[in-house]
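Enquirer: Numbering (the working numbering), first residue to last: -9 to 618.
(1) Please report how far the alpha carbon of residue 54 lies from the alpha carbon of residue 118, in whole angstroms.
(2) Would you identify the three-state DSSP class for residue 446, choosing helix, strand or coil?
(3) If I measure Cβ to Cβ from residue 522 and keep anything under 6 Å in the same chain, skipping five residues before and after, which residues do I get?
(4) How is residue 302 classed by DSSP in three states: helix, strand or coil?
(5) Does the distance from the CB of residue 520 to the CB of residue 541 come in under 8 Å?
(6) When DSSP labels each residue in this structure, what does residue 7 get in the three-state scheme?
(7) Here's a check: name, in chain order, each residue in its chain whose Cβ is nearer than 8 Å to the Cβ of residue 528, leaving out the five neighbours to either side.
(8) Identify every run of the alpha helix (DSSP H) within the region 58 to 135, keeping only runs that are complete inside it and at least 4 residues long; order them along the chain.
(9) What's the C-alpha gap between residue 444 and residue 134?
(10) Cutting at 8 Å between CB atoms, please list the residues of its own chain near residue 115, excluding the five before and the five after it.
(11) Looking only at C-alpha atoms, which of 57, 59, 52 and 88 sits nearest to residue 69?
(12) Helix, strand or coil for residue 606 per DSSP?
(13) Hey, how far is the Cα of residue 298 from the Cα of residue 270?
(14) At which residues does the beta strand (DSSP E) containing residue 589 begin and terminate?
(15) Let me check understanding here. Comparing Cα to Cα, which of 453, 472 and 487 lies closest to residue 432?
(16) Does the region 311 to 318 come within contact of the region 283 to 302, defined as at least 3 CB pairs closer than 8 Å?
(17) For residue 584, which beta-bridge partners are listed by DSSP?
(18) Could you give the distance in angstroms between the alpha-carbon of residue 120 and the alpha-carbon of residue 305?
(19) Closer than 8 Å, CB to CB, is residue 273 near chain D or not?
(20) Measuring alpha carbon to alpha carbon, tell me which of 356, 168 and 183 ends up nearest residue 234.
(21) Among the candidates 430, 31, 564 and 85, whose CA atom is the shortest distance from the CA of residue 382?
(22) Going by alpha carbons, who is nearest to residue 583 out of 595, 606 and 594?
(23) Is it the case that the Cβ atoms of residue 437 and residue 421 are separated by a distance below 8 Å?
(24) So what's residue 217 in DSSP terms, helix, strand or just coil?
(25) Along the beta strand (DSSP E) that carries residue 47, what are the first and last residues, could you check?
(26) Identify, in the order they occur along the chain, each residue of the same chain with its Cβ nearer than 6 Å to the Cβ of residue 158, setting aside the five sequence neighbours on each side.
(27) Give me the Cβ distance between residue 439 and residue 428, rounded to the nearest whole Å; I'm assuming they're in contact under 8 Å.
(28) By alpha-carbon positions, which one of 592, 27, 190 and 283 ends up nearest to residue 248?
(29) Do the region 196 to 211 and the region 171 to 188 meet, that is, are 3 or more Cβ pairs less than 8 Å apart?
(30) Cβ atoms of residue 72 and residue 95: under 8 Å apart, would you say?
(31) Inspect the beta-carbon positions of residue 49 and residue 66 and report whether they are closer than 8 Å.
(32) To the nearest whole angstrom, what separates the beta carbons of residue 294 and residue 239, a pair I think is in contact under 8 Å?
(33) The alpha helix (DSSP H) spanning residue 473 covers which residue range?
(34) Which residue's Cα is closest to the Cα of residue 545: 355, 566, 525 and 517?
(35) Name the residue from 503, 261, 406 and 389 whose alpha carbon lies nearest to the alpha carbon of residue 491.
(36) Which residue's Cα is closest to the Cα of residue 287: 330, 263, 276 and 56?
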């Protein structure tokens, strides 16, 4: 002993160690001991049970490996050949036989036969040769090793799954000190966790077992029994400050951009924002722990794990990278009703308020949908129009479906693209980055998203491995917006989320309104356009007198994202996009049916050849049928 309370144990550790009372797995034997006295190194967070430290030898002869002497070693990535636990620090080894024995198994020689094991009715024989086996105790340890085996049954067990030399003494003390929470002792509790606690272990994040766990009421600090006895590997701690961090958290970035927020977010060790939720998973955030927060938006915080997910962060560390000031405004204000939009610099656009007359012959050049009854900006010198909402789309933005910032492209050449959110084909404005394209309707969706079909709760994009049925069309969706309130379970795909509320169809004198289904509907309903049965519990369009239930696809068609009177090149062929607004509907060149959708396609330079939809365009392009 070098000084009072400080010991030198050269066989065990290079640094001076102090006497310490801590209930935790020892770095010596890798096991929990009923007596929690031991030696502790603050520098390395290294704890050795007193019994192990006092009895350790540099060389031993052991019955489990009688051929050679075993030598004491430090630090291994192997597993003990006896119990198959991963070796932490101290162990004995025979290099000639590649044989490893952890300190616990070296200290205690298990009996050759066990005949009173409560999990098995027959005698268990200890084998002295390593074999591959799955432990019948259903433990979490690795396969193989030196097992206890039943000669009558095809079962085998790890040694320490059936035998413990001090089993009768393993009673958990009512109060312990623990190096991962050195400020106060932890008390043994049973039953439900306290009301003020979230009931989760601070090390592993799992809910605690109600049979027994340790808790500090002063700090609301909880550890479940497995983490008390076998703490997760590689956490680093500062005992003086009661600060702890996992090994993998040391590499967390400092400043990043995530696709859920317009500003950068920065890493902080204590969030300090009470009663907040994560901006990604929408679950509660504990203000006492670290995460990412936005300096410009008070209250916006994100869990560290959520912020650094592959579908949220692009992997770029921005600490030290200056943030450039960019003008992302889409237009310049000329006066109260006049703007100059960046997509149409040559002329001014004038605002027209929402009216009662449906604009039959005007389309928005951004989303390519009818102007309808919405407010819009119209060019004072030519036939160029933008919905007011589309005109306000920023020139750059972040979106939940892509990790890098997207740029608004006005698509002057009317390039036909597929939106990654709704799978619509469009040749209007697009938000793009590399090969990623979003039409302006899906690109404009941000969180929280409120839809008239579900007005009481906002919707969020929370991806899961499990697909959900969209409440609008009843199709399975993975890329969808979800309600997070209780057991609501409302799901909306991007296509249904961006359906127009009011549309006009040539077969009806009045505009058609989107209906969100009828839960109490009974009997059969028929679509007047395709003359096929509809499901009234799915969304449909209906007329003023509500005597019709029309399929949304029949009303809008499959090519509503293409601008009428434009030229669309699809699958190697060019077609004119034509409005189907005449009394006589033409026949489709492929399916031989009359074109029933609002838009059909005509071969350039040939007035006699028509295709009814993009699906028939696809089939025609690869059918080898000649153009007439």
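From the three backbone atoms N, C-alpha and C, an ideal C-beta is built for every residue, glycine too.
Expert: On the basis of the data shown:
(1) For the purposes of this step, residue 54 is taken as residue 64 along the chain shown, with counting starting at 1. For the purposes of this step, residue 118 is taken as residue 128 along the chain shown, with counting starting at 1. Taking the straight line joining both Cα atoms gives about 7 Å.
(2) Working through the chain shown from its first residue, we reach residue 446 at position 456. Coil.
(3) Locating residue 522 in the chain shown gives position 532, counting from the first residue. Around residue 522: no qualifying Cβ.
(4) By 1-based counting over the chain shown, the position of residue 302 is 312. In the structure shown, residue 302 sits in coil (DSSP, three-state: anything other than H, G, I, E or B).
(5) Taking the chain shown and counting its residues from 1, the one referred to as residue 520 is at position 530. Taking the chain shown and counting its residues from 1, the one referred to as residue 541 is at position 551. Taking 8 Å as the Cβ cut-off, residue 520 and residue 541 qualify as a contacting pair.
(6) To locate residue 7, count along the chain shown from 1; it is residue 17. If DSSP states are grouped into helix, strand and coil, residue 7 belongs with the strands.
(7) Within the chain shown, numbered from 1, the residue matching residue 528 stands at position 538. Once the five neighbours on either side are set aside, the close Cβ partners of residue 528 are 462, 463, 464 and 507.
(8) If we require 4 residues or more, the alpha helix (DSSP H) runs fully inside the region 58 to 135 come out as 93 to 97.
(9) For the purposes of this step, residue 444 is taken as the residue at position 454 of the chain shown. For the purposes of this step, residue 134 is taken as the residue at position 144 of the chain shown. The straight-line gap from Cα to Cα measures roughly 55 Å.
(10) Counted from its first residue, the chain shown places residue 115 at position 125. Residues 102, 103, 138, 139, 140 and 141 of the same chain have their beta carbon placed closer than 8 Å to that of residue 115, with the five preceding and five following residues left out of the count.
(11) Your numbering for residue 69 matches position 79 in the chain shown. Sorting 57, 59, 52 and 88 by C-alpha distance to the C-alpha of residue 69 places 88 at the top.
(12) Mapped onto the chain shown, residue 606 falls at position 616. Three-state DSSP puts residue 606 in a helix.
(13) Here residue 298 refers to the residue found at position 308 of the chain shown. Here residue 270 refers to the residue found at position 280 of the chain shown. Counting only the Cα atoms, residue 270 lies some 10 Å from residue 298.
(14) Taking the first residue of the chain shown as position 1, residue 589 is located at position 599. Counting along the chain, the beta strand (DSSP E) containing residue 589 begins and ends at 589 to 593.
(15) Start at 1 with the first residue of the chain shown, and residue 432 comes out as number 442. Of the candidates 453, 472 and 487, the one whose C-alpha sits nearest the C-alpha of residue 432 is 487.
(16) With the cut-off at 8 Å, the region 311 to 318 and the region 283 to 302 do not touch.
(17) Your numbering for residue 584 matches position 594 in the chain shown. Residue 584 pairs with 577.
(18) Here the question's residue 120 lines up with position 130 in the chain shown. Here the question's residue 305 lines up with position 315 in the chain shown. Roughly 44 Å between the two C-alpha positions.
(19) Chain labels in this structure do not include chain D; a single protein chain is all it has.
(20) Stepping through the chain shown from its first residue, residue 234 is reached at position 244. For the residues 356, 168 and 183, the minimum Cα distance to residue 234 belongs to 168.
(21) If you number the chain shown from 1, residue 382 lands on position 392. With distances taken between Cα atoms, residue 382 lies closest to 430.
(22) Reading the chain shown from its first residue, position 593 is the one you call residue 583. Looking at the Cα atoms, 606 is the closest of the given residues.
(23) As a first step, residue 437 must be located in the chain shown, where it is residue number 447. As a first step, residue 421 must be located in the chain shown, where it is residue number 431. Not in contact: residue 437 and residue 421 (Cβ atoms no closer than 8 Å).
(24) In the chain shown, counting from the first residue as 1, residue 217 sits at position 227. Helix, per DSSP.
(25) Along the chain shown, read from residue 1 onward, the residue named residue 47 stands at position 57. Run containing residue 47: none; DSSP gives neither H nor E here.
(26) Working through the chain shown from its first residue, we reach residue 158 at position 168. Note on residue 158: pLDDT 37, under 50, position unreliable in the model; no value is reported.
(27) For the purposes of this step, residue 439 is taken as residue 449 along the chain shown, with counting starting at 1. For the purposes of this step, residue 428 is taken as residue 438 along the chain shown, with counting starting at 1. Actually they do not touch by this definition, with Cβ atoms about 14 Å apart.
(28) One-based indexing of the chain shown puts residue 248 at position 258. Per the Cα distances, 283.
(29) Touching, yes, given that three or more Cβ pairs across the two stretches are closer than 8 Å.
(30) Mapped onto the chain shown, residue 95 falls at position 105. Mapped onto the chain shown, residue 72 falls at position 82. Closer than 8 Å, so yes.
(31) Walking along the chain shown from the start, residue 49 turns up at place 59. Walking along the chain shown from the start, residue 66 turns up at place 76. Taking 8 Å as the Cβ cut-off, residue 49 and residue 66 do not qualify as a contacting pair.
(32) Sequence index remark: in the chain shown, residue 294 carries index 304 (1-based). Sequence index remark: in the chain shown, residue 239 carries index 249 (1-based). Approximately 7 Å separates the beta-carbon atoms of residue 294 and residue 239; this is inside 8 Å, confirming the contact.
(33) On the chain shown, position 483 is the one that residue 473 refers to. No alpha helix (DSSP H) holds residue 473; the beta strand (DSSP E) holding it covers 470 to 473.
(34) Working through the chain shown from its first residue, we reach residue 545 at position 555. Among 355, 566, 525 and 517, the Cα nearest to that of residue 545 belongs to 517.
(35) For the purposes of this step, residue 491 is identified with residue 501 of the chain shown, where counting begins at 1. Across the set 503, 261, 406 and 389, the C-alpha of 503 shows the shortest separation from the C-alpha of residue 491.
(36) As a first step, residue 287 must be located in the chain shown, where it is residue number 297. For the residues 330, 263, 276 and 56, the minimum Cα distance to residue 287 belongs to 263.
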